[in-house]
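Chemist: Per my numbering, residue 1330 is the first one in the sequence shown, and the count goes up by one each step.
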Amino acid sequence: MIGRLNHVAIAVKDLAAATAVYRDVLGAEVSEPLPQPAHGVTVVFVQLPNTKIELLEPLGEASSIANFVEKNPGGAIHHVCYEVEDIIAARDKLKAQGARVLGNGEPKIGAHGKPVLFLHPKDFCGTLVEIEQV
Ligand code: CO
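In structure tokens:
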């Protein structure tokens, strides 16, 4: 059901420092920081030949990743995102197998302008999973 790995999101306290690690130490192509107030994050996209890394820094008081960064001050993988062809069909199939879909279960428009859902980490090997319809 899942297709390509769309991105791996890494949450950090200091976006400039994390960007420097990927750009200067690892030699990757990085974007400018992109504030996304609707999602409570500022994002830097790291373009790799086969996928993307998204460096996330909390933005604003009610950032959804603020607690996570507090618990992981040195940074940590926040979620992985897999592509699906039909997000409603994928959701229904996952729910039928007992997987927990976060929020109200309805897809939201994600950071790339496409519908996304998040799945409970306890149902997926301890990893928060985002699915995105492409
Ligand atoms: Co994501």
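Each residue gets a CB set at the ideal place from its N, CA and C atoms; glycine is no exception.
Just so you know, these numbers come straight off a predicted model, no measurement behind them.
1) Let me know if residue 1367 comes out buried or exposed under the rule of 16 or more other beta-carbons within 10 Å of its beta-carbon.
2) Any idea if residue 1354 is buried or exposed, counting beta-carbon neighbours within 10 angstroms, 16 or more meaning buried?
3) Closer than 5 Å from C-beta to any heavy atom of ligand 1: which residues, in chain order?
4) Mind checking whether residue 1461 and residue 1412 have CB atoms under 8 Å apart?
5) What are the boundary residues of the alpha helix (DSSP H) that includes residue 1425?
6) Is the beta carbon of residue 1387 less than 8 Å from the beta carbon of residue 1370?
7) If you compare alpha carbons, which of 1356, 1392, 1438, 1393 is closest to residue 1378?
Modeler: To lay it out plainly:
1) exposed
2) exposed
3) 1338, 1410, 1459
4) yes
5) 1416 to 1425
6) yes
7) 1356
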